[in-house]
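Worksheet: the structure to be examined is printed underneath.
In my numbering, the protein residues as written are 66 to 550.
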């Protein structure tokens, strides 16, 4: 659960109200108390204007056209609001589709890397080329339902390499996520309220963060990033940034003055980016219902003292006074000088160019939403107590997209489509320009386990997944390799 408010809407309404009220007041004052000479001059002016009206109208039309063009171009190049997207899901789908059935898997799974040279499959019709269009400088890519790979729908099996279990004392797994991998096989991940580094054999190298208010301590850490040899951790409570070396040694901390909750951090080409939630500072916080509200994408100074707003990213929330709950998926990953993100309950991915600070393209494909089953399991919700208080309107469908990952210059998308009691996941694959190139089933080897959608792929192609034993409730972190056998 996240939170938000529409600053654009509220401030826009207020500003518009002031303009109308002010202009109405100006008209009332300027039309009162006119002297006789002034009235004569006004009468002469009106006669002159009526004679010149056609000429003036023609000139004003040309001027307004030119002005509109320049304003439009300026808005696209400089106005953050021009980058705001509106992709909120429909309040109710036109029909209630059955759970999605993906293409029938091939009996012989192929290599994972997408290939368009595979032999045609008799069960799958040829895919249509994606359609490209341009709107306000943004490229919109609408793919067909079938990817271009003729072997789409095959099974890619996972083979267990290592299972990491907690020791019940100093190392207790809850919900590992946000992985960073190193060339020596070691990796760092966030598992609230700690950050762990494990070696290639799964042994703990360090556990960072202590609970408290003092130096090197925090009550509510949120996210982290790696900057060279530094581990930089952002905390909500108290608002601060803590720095460690890659051996887990605490270096220093910096207090933050901005009270707005920063809930995403990305380090891209030497710059720090974050997403900020401003809902608590808005009028929406006192209302109840469904509202479209923006998150703010910001560039953050190295000392974390300054933040520059880049654009708004629109989200839909259910708000009840004092609480809010997101009704759309929010997932963001940095790659090269781009951000790929999802901010909708439906199937739509945005590619944002950090160099130009504009949405570069939006891409999607036809997808039937998966209906929520009453007995379905949900992943742990750190705001579960708030969710109960909110009691939002029941949703009939899962979010279409659950995870984005970049691997070998392709974008992997975990969809909400699963089968065999979650034993198989449907993964869609796009190239970095949004073309739908592949689709396959990712199959887990063991039954009786609940797999978190927050999986990660290392640079050498291993997949790390958090699993919960449905009988014992124990949490394991499992390293898999892709197998074609």
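Glycine included, each C-beta is placed from N, C-alpha and C at the ideal position.
{"Asked": "Own chain, CB closer than 8 Å to residue 251, minus 5 neighbours either side, in chain order", "Found": "262, 263, 264, 265, 270"}
{"Asked": "DSSP three-state assignment for residue 536, whether helix, strand or coil", "Found": "coil"}
{"Asked": "Distance between beta carbons of residue 397 and residue 409, contact taken as under 8 Å", "Found": "Residue 409 to residue 397, Cβ: 13 Å. No contact."}
{"Asked": "Buried versus exposed call for residue 434 [16 or more other C-beta atoms within 10 Å across all chains shown]", "Found": "buried"}
{"Asked": "DSSP-derived helix/strand/coil call for residue 345", "Found": "helix"}
{"Asked": "Proximity test, Cβ basis, 8 Å: residue 503 and chain C", "Found": "This model lacks chain C altogether, as it is built from one protein chain only."}
{"Asked": "Proximity of residue 475 and residue 493 at Cβ, strictly below 8 Å", "Found": "no"}
{"Asked": "Inter-residue Cα distance where the pair is residue 240 and residue 387", "Found": "27 Å"}
{"Asked": "Straight-line Cα distance separating residue 480 from residue 204", "Found": "23 Å"}
{"Asked": "Run of the beta strand (DSSP E) containing residue 493, from where it starts to where it stops", "Found": "489-496"}
{"Asked": "Best match in 471, 254, 464, 292 for proximity to residue 367 [C-alpha to C-alpha]", "Found": "292"}
{"Asked": "For residue 356 and residue 531, the rounded distance between their alpha carbons", "Found": "33 Å"}
{"Asked": "Through-space distance from residue 517 to residue 86, alpha-carbon basis", "Found": "Low local confidence applies: a pLDDT of 25 at residue 86 is under 50, so the model's placement there is unreliable, with the coordinate-based value given in what follows. About 54 Å."}
{"Asked": "Check whether residue 237 and residue 267 have beta carbons under 8 Å apart", "Found": "no"}
{"Asked": "Through-space distance from residue 289 to residue 242, alpha-carbon basis", "Found": "11 Å"}
{"Asked": "For residue 419 and residue 403, the rounded distance between their alpha carbons", "Found": "6 Å"}
{"Asked": "Segment limits, beta strand (DSSP E) that includes residue 266", "Found": "No beta strand (DSSP E) holds residue 266; DSSP gives it neither H nor E."}
{"Asked": "Beta-carbon spacing of residue 361, residue 341 below 8 Å", "Found": "yes"}
{"Asked": "Spatial distance of residue 286 from residue 195 (CA atoms)", "Found": "42 Å"}
{"Asked": "Element boundaries [beta strand (DSSP E), containing residue 462]", "Found": "Counting along the chain, residue 462 falls outside any beta strand (DSSP E), and DSSP gives it neither H nor E."}
{"Asked": "Cβ neighbours of residue 441 in the same chain (closer than 7 Å, five flanking residues each side left out)", "Found": "Note that residue 441 scores a pLDDT of 48, beneath 50, so its modelled location is shaky and nothing firm can be said."}
{"Asked": "Identity of the residue in 335, 300, 333, 330 nearest residue 319 by Cα", "Found": "300"}
{"Asked": "Inter-residue Cα distance where the pair is residue 303 and residue 534", "Found": "35 Å"}
{"Asked": "Of the listed residues 412, 521, 379, nearest to residue 462 (C-alpha basis)", "Found": "412"}
{"Asked": "Cβ neighbour criterion (16 or more within 10 Å) applied to residue 468", "Found": "buried"}
{"Asked": "Unbroken beta strand (DSSP E) run spanning residue 505, endpoints", "Found": "501-508"}
{"Asked": "Distance CB(residue 276)-CB(residue 258) smaller than 8 Å", "Found": "yes"}
{"Asked": "From 399, 390, 210, 312, residue whose alpha carbon lies closest to that of residue 339", "Found": "399"}
{"Asked": "C-alpha gap between residue 335 and residue 520, whole angstroms", "Found": "26 Å"}
{"Asked": "Cβ separation of residue 254 and residue 524, assumed to be a contact under 8 Å, to the nearest whole Å", "Found": "Not really, about 15 Å apart at Cβ, beyond 8 Å."}
{"Asked": "Alpha carbon of residue 382 to alpha carbon of residue 348, nearest angstrom", "Found": "14 Å"}
{"Asked": "Euclidean distance between Cα positions of residue 391 and residue 426", "Found": "24 Å"}
{"Asked": "Cβ-Cβ distance between residue 223 and residue 466 below 8 Å", "Found": "no"}
{"Asked": "Residue 351, DSSP secondary structure in three states", "Found": "helix"}
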